[in-house]
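One structure below.
Number of protein chains: 2
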Amino acid sequence: MASLAAGARGTWHGSMRTLVVAVRARDRPGLFTRIARILHGLGCNLATSLGYRADEEARLLLVAECPLEPEELVAELRTRLREELGEEPEVDAGEIGPDAASIVAEFVREKPGLVTVLEAYLEPPDLFDALLRLPPEARRRVYPLLSPKTLAWILSEAEEEILEEMLHTLSLRQVARALQELDPDEAVDVLQRLPEALRKRLLQELPEEIRREAAKLLRYPPETVGGIMTTSVPVARAEDTVQDVLQLLRRGDYDVTDTVVVVDGEGRFVGLVTVEELLRAPPGEKLSRLARRPPIVIGPEEDREEAARLMLRYELRRLPVVDEQGRFLGLVTIEDVAQVLAEEAAEDIALLGGMEKPRERYRLASVADLVRTRLPWLLLIYVIESLTASVIKGYEDVIERIAVAAAFIPLIMDTGGNVGSQASSMVVRALALGEISERSRSDILYVVLKELATAATIGAIMALLGFIFSYIVGGNTRLAISIALTLFIVVIFADLVGASLPIIARRLGLDPAAISSPFVTTIVDVSVAVIYLSLVAKLVLGL
Amino acid sequence: MASLAAGARGTWHGSMRTLVVAVRARDRPGLFTRIARILHGLGCNLATSLGYRADEEARLLLVAECPLEPEELVAELRTRLREELGEEPEVDAGEIGPDAASIVAEFVREKPGLVTVLEAYLEPPDLFDALLRLPPEARRRVYPLLSPKTLAWILSEAEEEILEEMLHTLSLRQVARALQELDPDEAVDVLQRLPEALRKRLLQELPEEIRREAAKLLRYPPETVGGIMTTSVPVARAEDTVQDVLQLLRRGDYDVTDTVVVVDGEGRFVGLVTVEELLRAPPGEKLSRLARRPPIVIGPEEDREEAARLMLRYELRRLPVVDEQGRFLGLVTIEDVAQVLAEEAAEDIALLGGMEKPRERYRLASVADLVRTRLPWLLLIYVIESLTASVIKGYEDVIERIAVAAAFIPLIMDTGGNVGSQASSMVVRALALGEISERSRSDILYVVLKELATAATIGAIMALLGFIFSYIVGGNTRLAISIALTLFIVVIFADLVGASLPIIARRLGLDPAAISSPFVTTIVDVSVAVIYLSLVAKLVLGL
């Protein structure tokens, strides 16, 4: 459990969790004091309490650090209040974060004005999680009340839907004020998502300095290296001294503050110096003597995933971005990379789940949106699977004569599908780790031979099991032989298909995860139908 | 394309890629000069060349920055050498990194001694990729030749198999020397993977300071926060001045150099100060006035994934780790988090592919290892799917009477399986983003209702399509109605199952990705068999 460190909220203690507690009870004098006393008795430190009265009822929202699980607290609070008040009030509690979001949302929906107080106790993501649980009208009432810091966070995280809501309720100046809280590259990401007319008007509200940065960055799409690089970086010349640069760091307001970029007279990248090295070097030392070249640099149009891959591979914290002439443009930081990795992981999960990454958050997507996201894949698979149905239909006479043969079709198809997706994940991982290159012929040959050997072993085991099981269920030796043979062939075939698809995808410049699972399933299913039913026809029925 | 910045290797130019080129030709005087001239003519800068002579043949390995794709270079070099020499030499080339690894491996296999030169031109991961492509005997000959820096990198990255190879070929002192090149937390990760006796002997070879750090860290398993935290951090007291701390930074050799941790007299965590803030503050200022508390701190036994999630959520670069009494233990850095995210993504891909994350690299795993990794899942699914087979077998008489009914079973199962895994990925993502909490009853109700509405819509569409398609193929209205009805029911059922599994997994403290896809498939398959075939029996055959 992570505990919120209580900045303004008293001393932090280990093993505590910060809870949000909601109480609804008949209003009476001293109610709050009793609750506070009970919480104190349970070992909690009360950070804040907000409350209001409605229809004879008191509604309280408390933030407290407690040595209890939320459920324990609710039970205790309920029992003790019943003992003291003679009635059982409504109590709810959740750990700060997503667990407490619906409690906070309920409260904000009834009294939007209280967000201004809550902002001091909830971090922007916690507040935003509560807002996401509100109906749009309620959310619109809240935006104008929020601080620029919270607004900035929401702007940078929010999907189109939220962005639109905000732009309709906030003044241009409020939005501009919030944008200034962001790093230039984040502000530009927001600007890029706006309609051009609005973007221009907003740019005019921004200070000259940010406008200049924005102009530089607006050229690069968000999924490129240029789209995630940071330009707010201390840059010095090779002939500058350590003293000069320390002066520069003291004056400037940069997003990267632990590294100084060294360039030559024409702005070409020379190397990096860490602040640690600056602190240790003699004040008169020239930067040219300290600057070190990282093992790689990258161009601004490259895929941001490539930057992430390279920085992880070579364990770099800062990757310089340079243009074709070697001029320094910006730095990709490991912070940016962590963000990219998290987003790409979400994308992969969506792809492996058989759909495009949804454009919006689940909470904001209407049912129609969800259907639109999910249906295309389903239809595609459906159409291809219709082929399987037609193939099986072609063997109608076989099935008519030996109906039990049909019982084993799903089993064989599933085994093949699983083998295929196992082989795919193996190869995706080996590609990601650089163990095989999709462009090296000897590497590909290696994969094919290794997979052949593995699949033949697995196939033999599955065939044996398939024989035994189907003989027990079906009681027909020839059918059992057909099943065993099909399993053996299909396991090898599915494995090779599954292993090849990621390599082919990479060679075509596609995301290997995009192409694998559903395709393997489909290819396997059709081939199972053909191989199995013709074997049954031949071996069992002698057709 | 990322270009290697040429440190000692001449000036770096934009739009160049660093290539490794191998040439085999009949040995003759002036051969190398010709090749160098051709490369120069193609716009390449030669960084280095290594060569040796064997059986009248010259074998050359060159590293060069070229404005060409490897394939283009190979073609050009071949043509021009043929023109000049009257014979066509063997030429191969690949971009530095995985693409070139098999070329380098071939060279090192023949002349292991050359790695000492190659080390100056290849980063450790590039060299390691080549080593992975060697047979174990050849690899064993190389280890003793490598520098401590390269050995350190391999030790920290290597799986058990490689670790064992290294420990058998290197002296204890060589390993200890390499470990000192690593950050303490990385060194401890290596130590934790060693047998206890060996670990103790190695610890004795290490300097006192590292031994002390190691003792602190060895308590925490690698997948906990304690296992990834960095302890080599500048720590100062609240009453220290800015001047004192700058002095501390100048003297010390820390892994985190951009942040100073401030603690009180009892070592309890007070806050963080960035070096930037130190540079700007008056030299006599007390740290207590500068220290800022991050919004959260974390305990050392927490899951490292939880630290990653929180740092991304609250956009933190350094997360303090404290014990139950609030004493400072170490920092989790965003660099650590990037590594964790990459590893977890690999794990998720393996899980979604239907297997445990393999313990070893693909290259190192024998066929038997691969079979062992993959077979358990396949058998599990096979056993459960046998249930499907038995269920279908129970409807043998139905299928016998209307064999065409069997043709549609895979189609319906696949549709259900896909709907289920879509719903799973949606919910996994919403959980990860904090849009829903697995512990909030109102959030779960929200998901159920939204999924019901979505699934009913999708189900209706699929049912309609199913009716049309199966009527065309089967020509039987009642069969088509059975199929449509089954599709409608199965889509809703599969969706709800798929959506619930990640929530249940999280409540049980399991990884949601671990439980989803294959389970959904299996549950769906069995229910399709029952629902569909009993509907066919009733509606079509009137049984």
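As given, the protein sequences belong to chains E and Z, one line each in that order. Each residue of the first sequence is one higher than the one before, starting from 7 at the first, in this note's numbering. Each residue of the second sequence is one higher than the one before, starting from 7 at the first, in this note's numbering. All C-beta atoms, glycine included, are put in the ideal place defined by N, C-alpha and C.
Any idea what DSSP makes of Gly100 (chain Z), helix, strand or coil?
The count along the second sequence starts at 1 and reaches residue 100 (chain Z) at position 94. Strand, per DSSP.
In chain order, what residues of the same chain have a beta carbon less than 6 angstroms from the beta carbon of Lys117 (chain E), not counting five sequence neighbours either side?
Against the first sequence, residue 117 (chain E) aligns to sequence position 111. Around Lys117 (chain E): Tyr58.
Taking only three categories from DSSP, how would you classify Ser533 (chain E)?
Residue numbering aside, residue 533 (chain E) sits at position 527 when the first sequence is read from its first letter. Looking at Ser533 (chain E) - three-state DSSP - the assignment turns out to be helix.
Identify the continuous alpha helix (DSSP H) that holds Pro154 (chain E) and give its terminal residues.
The residue given as residue 154 (chain E) occupies position 148 in the first sequence. Its alpha helix (DSSP H) spans residues 154–163.
Short CB-CB distance (under 8 angstroms) between Leu507 (chain Z) and chain E:
Within the second sequence, residue 507 (chain Z) is the residue found at index 501, counting from 1. Judged by the 8 angstroms Cβ criterion, Leu507 (chain Z) is not in contact with chain E.
Does the Cβ-Cβ distance between Val262 (chain Z) and Thr236 (chain Z) come in under 8 angstroms?
Here residue 262 (chain Z) is taken as the residue at index 256 of the second sequence, counted from 1. Here residue 236 (chain Z) is taken as the residue at index 230 of the second sequence, counted from 1. In this structure, Val262 (chain Z) lies near Thr236 (chain Z), with their beta-carbon atoms less than 8 angstroms apart.
Using alpha carbons as the reference points, say which of E:Ser396, E:Ile398, E:Leu178, E:Arg183 lies closest to Leu204 (chain E).
Position 198 of the first sequence, counted from the start, is the residue given in the question as residue 204 (chain E). For the residues E:Ser396, E:Ile398, E:Leu178, E:Arg183, the minimum Cα distance to Leu204 (chain E) belongs to E:Leu178.
Chain Z beta carbons: is any one of them nearer than 8 angstroms to that of Leu335 (chain E)?
In the first sequence, counting from the first residue as 1, residue 335 (chain E) sits at position 329. Not an interface residue.
Listing by chain order, which chain C residues have their CB less than 9 angstroms from the CB of Ile467 (chain E)?
Here the protein chains are E and Z, and chain C is not one of them.
Inspect the CB distances between the segment 186–198 of chain Z and the segment 157–173 of chain Z and report whether three or more fall short of 8 angstroms.
Counting C-beta pairs closer than 8 angstroms gives three or more between the segment 186–198 of chain Z and the segment 157–173 of chain Z, which meets the contact rule.
Looking only at its chain, what residues have a beta carbon closer than 6 angstroms to the beta carbon of Asp246 (chain E), apart from the 5 residues adjacent to it on each side?
Residue 246 (chain E) sits at position 240 when you count from the first residue of the first sequence. Only Leu293 meet the Cβ criterion.
Under a three-way DSSP split, which group does Asp4 (chain Z) fall into?
Nothing can be reported for residue 4 (chain Z), as the shown portion of chain Z is limited to 7 through 549.
Where does Pro35 (chain E) sit, in a helix, a strand or coil, going by DSSP?
On the first sequence, position 29 is the one that residue 35 (chain E) refers to. Coil.
Length-filtered (4 minimum) alpha helix (DSSP H) runs lying within the segment 452–522 of chain Z
You should have 483–513, 518–521.
Determine which residues of the segment 237–261 of chain E have a Cβ less than 7 angstroms from any Cβ of chain Z, and write them out in chain order.
Taking 7 angstroms as the Cβ-Cβ cut-off against chain Z, the residues of the segment 237–261 of chain E that qualify are Leu252, Leu255, Arg256.
Alpha carbon of Val114 (chain Z) to alpha carbon of Gln210 (chain Z), nearest angstrom
Position 108 of the second sequence holds residue 114 (chain Z). Position 204 of the second sequence holds residue 210 (chain Z). Taking C-alpha positions only, Val114 (chain Z) is separated from Gln210 (chain Z) by approximately 34 angstroms.
Between Gly49 (chain Z) and chain E, is the shortest Cβ-Cβ distance under 8 angstroms, so that the two count as touching?
Against the second sequence, residue 49 (chain Z) aligns to sequence position 43. No, Gly49 (chain Z) lies away from the interface with chain E (no Cβ there is under 8 angstroms from its Cβ).
Does the beta carbon of Ser533 (chain E) sit closer than 8 angstroms to a beta carbon anywhere in chain Z?
Position 527 of the first sequence, counting from 1, holds the residue named residue 533 (chain E). For Ser533 (chain E), the answer is no, since every Cβ of chain Z falls outside 8 angstroms of its Cβ.
Which residue wins for smallest C-alpha separation from Leu393 (chain Z), given the options Z:Arg32, Z:Val530, Z:Gln428?
By 1-based counting over the second sequence, the position of residue 393 (chain Z) is 387. From the listed residues Z:Arg32, Z:Val530, Z:Gln428, the smallest Cα separation to Leu393 (chain Z) is found for Z:Val530.
Just list the residues that DSSP pairs Leu25 (chain E) with in beta bridges.
Taking the first sequence and counting its residues from 1, the one referred to as residue 25 (chain E) is at position 19. Leu25 (chain E) pairs with E:Ala70, E:Glu101.
Taking C-beta pairs closer than 8 angstroms, name the residues in chain Z that Glu402 (chain E) reaches, listed in chain order.
Working through the first sequence from its first residue, we reach residue 402 (chain E) at position 396. Think of a sphere of 8 angstroms around the beta carbon of Glu402 (chain E): the chain Z residues whose beta carbon falls inside it are Ala409, Val410, Ala413, in chain order.
Contact set between Tyr388 (chain E) and chain Z, taken where Cβ atoms lie within less than 9 angstroms:
Against the first sequence, residue 388 (chain E) aligns to sequence position 382. Residues of chain Z with a Cβ closer than 9 angstroms to the Cβ of Tyr388 (chain E) are, in chain order, Leu417, Asp420, Thr421, Asn424, Met468, Leu471, Gly472, Phe475.
Just reading off the alpha helix (DSSP H) that Leu137 (chain Z) is part of, what are its end residues?
As a first step, residue 137 (chain Z) is located in the second sequence; it is residue number 131 there, counting from the start. Per DSSP, Leu137 (chain Z) belongs to the alpha helix (DSSP H) from 130–138.
Spatial neighbours of Ala436 (chain Z) within its chain, please: C-beta separation below 7 angstroms, excluding the five flanking residues on both sides.
If you number the second sequence from 1, residue 436 (chain Z) lands on position 430. Ile442.
Any C-beta of chain E sitting closer than 8 angstroms to the C-beta of Val546 (chain Z)?
Position 540 of the second sequence, counted from the first residue, corresponds to residue 546 (chain Z). Taking Cβ atoms only, chain E never reaches closer than 8 angstroms to Val546 (chain Z), which makes this a no.
Within this structure, are the beta carbons of Leu100 (chain E) and Ser540 (chain Z) separated by less than 8 angstroms?
Walking along the first sequence from the start, residue 100 (chain E) turns up at place 94. Walking along the second sequence from the start, residue 540 (chain Z) turns up at place 534. Residue 100 (chain E) is actually Gly in this sequence, not Leu. No Cβ-Cβ contact shorter than 8 angstroms links Gly100 (chain E) with Ser540 (chain Z).
Quick check on Gln428 (chain E): buried or exposed, where buried means 16 or more other Cβ atoms within 10 Å of its Cβ?
For the purposes of this step, residue 428 (chain E) is taken as residue 422 along the first sequence, with counting starting at 1. When all chains shown are included, Gln428 (chain E) counts as buried.
Short of 7 angstroms in beta carbon distance, which residues of its chain neighbour Ala287 (chain E), apart from the five on each side in sequence? Order them along the chain.
The residue given as residue 287 (chain E) occupies position 281 in the first sequence. Around Ala287 (chain E): Val248, Leu296.
If you check the beta carbons only, do Thr421 (chain Z) and Leu493 (chain Z) fall under 8 angstroms apart?
Walking along the second sequence from the start, residue 421 (chain Z) turns up at place 415. Walking along the second sequence from the start, residue 493 (chain Z) turns up at place 487. In this structure, Thr421 (chain Z) places its C-beta atom within 8 angstroms of the C-beta atom of Leu493 (chain Z).
Chain Z contact residues for Arg23 (chain E), given Cβ-Cβ distances below 9 angstroms:
Against the first sequence, residue 23 (chain E) aligns to sequence position 17. What Arg23 (chain E) touches in chain Z: nothing, since even the nearest Cβ is about 11 angstroms away.
Would you list, in chain order, the members of the segment 296–307 of chain Z that have their beta-carbon closer than 9 angstroms to a beta-carbon of chain E?
Residues Arg298, Arg299, Pro300, Pro301, Ile302, Val303, Ile304, Gly305.
Which stretch, first to last residue, makes up the alpha helix (DSSP H) that contains Gly277 (chain Z)?
Mapped onto the second sequence, residue 277 (chain Z) falls at position 271. According to the DSSP assignment, Gly277 (chain Z) belongs to no alpha helix (DSSP H) but to the beta strand (DSSP E) extending over 275–280.
Pro306 (chain E) versus Leu52 (chain Z) - alpha carbon distance:
Translated into the one-based positions of the first sequence, residue 306 (chain E) becomes position 300. Translated into the one-based positions of the second sequence, residue 52 (chain Z) becomes position 46. When the Cα atoms are used, Pro306 (chain E) and Leu52 (chain Z) turn out to be separated by approximately 25 angstroms.
Would you mind telling me which residues of chain E sit closer than 7 angstroms to Ser448 (chain Z), beta carbon to beta carbon, in chain order?
Locating residue 448 (chain Z) in the second sequence gives position 442, counting from the first residue. What Ser448 (chain Z) touches in chain E: Ser108.
Cβ-Cβ separation, Ile340 (chain E) to Arg315 (chain E) (assumed contact under 8 angstroms), whole Å:
Within the first sequence, the letter at position 309 stands for residue 315 (chain E). Within the first sequence, the letter at position 334 stands for residue 340 (chain E). Cβ-Cβ separation between Arg315 (chain E) and Ile340 (chain E): approximately 13 angstroms, too far for a contact (criterion under 8 angstroms).
Per DSSP, cross-strand counterpart(s) of Arg65 (chain E)
Mapped onto the first sequence, residue 65 (chain E) falls at position 59. According to the DSSP secondary-structure assignment, Arg65 (chain E) is paired through a beta bridge with E:Arg30, E:Tyr58.
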